[in-house]
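Single-structure report; data block below.
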Amino acid sequence: MEPLFFEPFFREQIWGGRQLEAVLGKPLPRDGCFGESWEISAHPFHVSQVKGGRFEGWSLTELWSAFKKELWGEKGEPPTEFPWLIKFLDCRDYLSIQVHPDDALAAIYCPSEKGKFEVWTVVEAEPGAKIFAGLKAGVRPDELRDALQRKEPETCLHEMTPRVGDVIVMPPGTVHSAGGGVLVAEVQTPSDATFRLYDWNRTDRNGLPRPLHIEEALRAINWDQRPRFVAKAREVYRDTGAVGELLVEGPPFVLRRWTVSPGARLLISRDVLAAWLVLLGSGELLVGDSVFPMNRGDTVLIPGSCPDVRWETTSAGRAILLSCHPL
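Numbering (the working numbering), first residue to last: 43 to 369.
What follows is the structure in structure tokens.
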């Protein structure tokens with residue numbers, strides 16, 4: 043199979059902006075604030091459609107049904123459903139302070155969904171931007187309830203000033219938010235289950251507050267769990283002009299970051315399904331005699347049965363890539 047590109051889906055959000063277009067070159071509609079670009083998804087809210095090539099117009103669910111083993115490659119038996127959801131987020135304003143459930147709680151409160159494990163990689167961050175992730179040590183339910191009553195729940199959370207390249211791992215049960223002009227790449231399990239604790243006292247375009255899910259969120263929180271901040275990634279690959287770093291290893295996927303110098307080439311297909319995102323720079327995918335240009339913000343799915351695919355950086359500066367593989 044050939045590399046697969048998909049039409050992005052742009053989701054308006056009350057906290058979004060226009061950085062998906064300004065920074066990543068996404069062709070946003072003329073009007074609106076867009077918080078999410080769904081790059082690769084088989085979630086029922088939006089199923090990605092192939093753009094170009096011999097599978098143009100196919101949905102990802104159709105591809106998975108017809109070519110599951112060819113897509114998955116040699117990493118054991120493929121799962122029943124496509125296992126990841128890949129997005130870019132533009133947090134111009136602040137996300138609600140929120141938490142995602144695990145599988146067990148999702149089955150109770152939103153049975154059409156599953157639990158959500160997500161990893162953020164910071165692509166750009168403006169001065170003054172913030173990420174809140176995880177409760178401070180020792181915070182218990184009564185203390186968080188009191189902070190909600192005071193409209194100060196962020197005082198219970200770890201706060202960080204995001205920098206380009208920061209990686210935050212957030213298992214289900216992690217309370218979090220982000221805003222003030224931060225752009226992130228998000229790799230997650232395919233779920234849209236979100237419980238809002240607090241929405242910064244704002245209203246929607248109709249002047250109404252968005253619904254909160256305080257009791258569900260308090261039940262979903264893992265009170266003893268802390269997010270993991272990848273302070274120093276482990277180098278796992280080095281060749282002329284290319285370095286690979288391991289960011290996350292399970293449970294639902296493996297994430298690696300690749301830095302590739304101008305003119306350098308990197309073999310990026312290894313008989314197993316992989317999604318690749320361009321976080322910086324530009325380049326070309328070389329597959330036999332075929333050439334697929336890629337720019338910052340582009341995402342591609344490389345089937346396990348795809349012949350050798352190489353990346354060659356074409357930008358004047360380095361390219362930074364993010365790859366997602368099965369565990």
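Yeah, the Cβ is synthetic: ideal placement off N, Cα and C, and Gly gets one too.
Query	Result
Given residue 103 as reference, the closest of 184, 85 and 252 once Cα atoms are compared	85
Buried or exposed by the 16-neighbour rule on C-beta atoms within 10 Å, applied to residue 80	buried
Residue range of the unbroken beta strand (DSSP E) whose run includes residue 265	Here residue 265 belongs to no beta strand (DSSP E), and DSSP marks it neither H nor E.
Cut-off 6 angstroms between Cβ atoms - residues of its own chain near residue 141, not counting five sequence neighbours on either side	217, 237, 259, 262 and 263
The region 134 to 153 / the region 262 to 276 touching (three or more Cβ pairs under 8 angstroms)	yes
Top-ranked residue by Cα proximity to residue 277, from 193, 206 and 286	286
CA-to-CA distance, residue 248 to residue 184, given in whole angstroms	33 angstroms
Start-end ranges of the alpha helix (DSSP H) lying completely within the region 80 to 135, minimum 4 residues	102 to 114
Under 8 angstroms between C-beta atoms of residue 323 and residue 349	no
CB of residue 4 within 8 angstroms of CB of residue 113, strictly	The chain is shown only over 43 to 369; residue 4 falls outside these bounds and no answer can be derived.
Which residues DSSP lists as bridging residue 165, in chain order	In the DSSP output, where bridge partners are listed per residue, residue 165 has none listed.
Contact between the region 301 to 311 and the region 146 to 158 (3+ Cβ pairs under 8 angstroms)	no
Under 8 angstroms between C-beta atoms of residue 171 and residue 204	yes
Contacting residues, own chain, Cβ-Cβ under 6 angstroms from residue 303 (five flanking each side not counted)	283 and 360
Cβ-based burial, residue 179 [other Cβ within 10 Å; buried from 16]	exposed
Close-in-space but distant-in-sequence residues of the same chain around residue 335 (CB under 6 angstroms, 5 per side omitted)	326
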